[in-house]
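Numbering (full-length UniProt numbering), first residue to last: 1 to 417. Working notes, beginning with the structure itself.
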Amino acid sequence: MVEVNLQTVLAILIFSFGASCQILPQAEAPAPSTSIRDALAGAPAPTALTDAAALAATIATSDSLAAIVSSTSGLAADDCRNLNAVLDNINTAFIGPQRTAVVGPVSVAYRSFGPLRSSERLQKPLVLVIGIACTMSDWTPRLLRSLAVNREVIIFDNAGIGQSTISAGTNVTAADYFKFQADTLAGLIQELSLNQPDVLGWSLGAKIALHLGVYHSSIFGKLISDAGSAGGPNSSTAVLDAVDVGIPVVQRLTKFKTLLERPSNAATVCQWVLEKEAMPLDGVTAEEIQAQVEAEVAYHAADAGIVAGLPLIKNPTLVITSSNDLTNPPSNQASTPYMPEYPSRQRSIMPAGPVMAGVPGAVLVTFQGCGHLAPFQEPEKFVALVDSFLEAKGSFQPEAASAYTCQGLGLPNKTTR
Numbered sequence: 001m002v003e004v005n006l007q008t009v010l011a012i013l014i015f016s017f018g019a020s021c022q023i024l025p026q027a028e029a030p031a032p033s034t035s036i037r038d039a040l041a042g043a044p045a046p047t048a049l050t051d052a053a054a055l056a057a058t059i060a061t062s063d064s065l066a067a068i069v070s071s072t073s074g075l076a077a078d079d080c081r082n083l084n085a086v087l088d089n090i091n092t093a094f095i096g097p098q099r100t101a102v103v104g105p106v107s108v109a110y111r112s113f114g115p116l117r118s119s120e121r122l123q124k125p126l127v128l129v130i131g132i133a134c135t136m137s138d139w140t141p142r143l144l145r146s147l148a149v150n151r152e153v154i155i156f157d158n159a160g161i162g163q164s165t166i167s168a169g170t171n172v173t174a175a176d177y178f179k180f181q182a183d184t185l186a187g188l189i190q191e192l193s194l195n196q197p198d199v200l201g202w203s204l205g206a207k208i209a210l211h212l213g214v215y216h217s218s219i220f221g222k223l224i225s226d227a228g229s230a231g232g233p234n235s236s237t238a239v240l241d242a243v244d245v246g247i248p249v250v251q252r253l254t255k256f257k258t259l260l261e262r263p264s265n266a267a268t269v270c271q272w273v274l275e276k277e278a279m280p281l282d283g284v285t286a287e288e289i290q291a292q293v294e295a296e297v298a299y300h301a302a303d304a305g306i307v308a309g310l311p312l313i314k315n316p317t318l319v320i321t322s323s324n325d326l327t328n329p330p331s332n333q334a335s336t337p338y339m340p341e342y343p344s345r346q347r348s349i350m351p352a353g354p355v356m357a358g359v360p361g362a363v364l365v366t367f368q369g370c371g372h373l374a375p376f377q378e379p380e381k382f383v384a385l386v387d388s389f390l391e392a393k394g395s396f397q398p399e400a401a402s403a404y405t406c407q408g409l410g411l412p413n414k415t416t417r
């Protein structure tokens, strides 16, 4: 592994996630910025980008995601620009007001909503744990609305991020970061009197969810780890592995491209950002992200990670990976993705990655063709999978692999959502 330079990692994360999660200036309050929708509306006609190197060069010289997408041709980018016309019909009133719960030294900002439809299929509450450099406002309205049809959904800012503050004098070391977050989440579940809620974590949030399973297995029901990692020296985090100050930024982005991952995925990131613009304004500072970066580095040290604790997880667990995820690749959870071209191959004989090998009875589903943003790229398929797993009585059997593929943006209909 290359030597990790924290400042360089932070710069890459801010550059990568700054196009998606709102990055706020240090020591300044949130301020309205130029809307990506407005930028797209006034963007010039696109010019074709035919390879990853050209895209990476554009990324390296662009100030915004709008510039990236407006300079990318093809149906996907066109669909992303056309999404502007649909966003006016996205209603976020259903997420309700932001509330605060005091959990030890943390003042946790959260929202609770649902079920949105009276149903005999009422399910247990579902707690969503967001990823690195993001707040609860980085979940998209379509995804949240779909998940909340038959259940209460709770979203929140991780401790020390966004509106969730840690009291002065509280020392959270990088090595203890994920356990501290899991302890805080356990406290939130108890503070809100949630009865055995299910927990879904995405990216960094999946790592927190896995820690919750190791240290607080008895207080919640089922666990979903999407794009997660057990850490340690054998787990890869592409953003960190990509750091080498001797490699020019353009080459580094060409190779890893973090969230963008491939030229056609620029539109997926754009879709995510555009949909999130309907959510309440929220953001993180570079200082807050740096704490997460330091935690990620510590999590992948030789004597770190949570691999040894995974057998302690007694919760029914669904592990979700995406074949094209370069940020938290499939190898972080399951060494070999389940390949649809080999439908007769049994999951039991597939080589197991650290999470699949460690969590007793874990079930693996791989979204073929998806990147790190699979829940936002294919929300209908993702929610269908989540619902079927959470509603399953006894053992869970996924559908055929062909049910879990990424074919495009999956734009919403032009009706009120």
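The C-beta atom is built at its ideal place from N, Cα and C for all residues, glycine as well.
From residue i to residue j, what distance separates their C-alpha atoms?
i      : j      : result
GLY309 : GLY369 : 31 Å
GLY232 : LEU192 : 33 Å
CYS134 : LEU326 : 18 Å
TYR299 : LEU390 : 29 Å
ALA101 : THR165 : 11 Å
ASN91  : PHE156 : 19 Å
SER236 : GLU294 : 15 Å
SER62  : LEU116 : Low confidence applies here, because SER62 scores a pLDDT of 44, under 50, leaving its location unreliable; read the following figure in that light. In a straight line, the C-alpha of SER62 is about 40 Å away from that of LEU116.
GLY353 : ASN328 : 13 Å
PHE396 : VAL307 : 24 Å
PHE220 : GLY205 : 16 Å
GLU288 : SER203 : 17 Å
VAL106 : ASN158 : 10 Å
VAL199 : GLN163 : 21 Å
LEU373 : TYR404 : 14 Å
SER225 : GLY169 : 32 Å
GLY305 : SER118 : 42 Å
MET279 : LEU128 : 16 Å
ASN324 : GLY371 : 5 Å
Among all the DSSP beta bridges, which residues are the ones paired with residue i?
i           : result
ASP226      : TRP202 and ILE320
ARG99       : TYR110
PHE178      : For PHE178, which the question treats as bridged, DSSP gives no partner whatsoever.
residue 427 : What is shown of the chain runs 1 to 417, which leaves residue 427 out entirely.
ILE166      : VAL106
LEU364      : VAL319
THR405      : GLN368
Figure out for me which residue from the options has the closest Cα to the Cα of residue i.
i           : options                           : result
SER112      : LEU147, ILE208, GLU287 and ALA384 : LEU147
VAL319      : VAL108, ILE132, LEU223 and SER118 : LEU223
LEU364      : ASN91, PRO398 and LYS381          : PRO398
ALA357      : ILE313, GLY394, LYS381 and GLY283 : ILE313
THR321      : GLU287, PHE367 and ARG145         : PHE367
ALA286      : GLY160, PRO105 and SER217         : GLY160
residue 477 : GLU380, ALA401, THR317 and SER229 : No answer is possible for residue 477: it lies beyond the span of the chain, which begins at 1 and ends at 417.
LEU185      : ARG142, GLN123, TYR110 and ASN150 : TYR110
SER137      : ILE95, GLU152, VAL127 and LEU126  : ILE95
VAL386      : GLU277, ILE132, VAL153 and ARG99  : VAL153
SER217      : PRO316, ASN324 and VAL297         : PRO316
GLY104      : GLY187, SER323 and ALA400         : GLY187
ALA93       : GLY131, PRO125, LEU144 and VAL108 : LEU144
How would you call residue i, buried or exposed, if buried means at least 16 neighbouring beta carbons within 10 angstroms?
i      : result
GLN333 : buried
LEU281 : exposed
GLN196 : exposed
ASN171 : exposed
CYS302 : The question names Cys, but residue 302 is Ala in the sequence shown. Result: exposed.
PRO97  : exposed
GLN190 : exposed
PRO360 : exposed
LEU375 : Reading off the sequence shown, one finds Pro at residue 375, where the question assumed Leu. Per the 10 Å Cβ criterion, buried.
GLU380 : exposed
PRO311 : exposed
ASP176 : exposed
ARG151 : buried
ARG121 : exposed
GLY201 : buried
Would you say residue i lies against chain C (beta-carbon separation less than 8 Å)?
i      : result
VAL199 : This model lacks chain C altogether; it includes just one protein chain.
Stretch-stretch touch, CB-based, cutoff 8 Å, three pairs: the segment 171-187 with the segment 211-219:
yes
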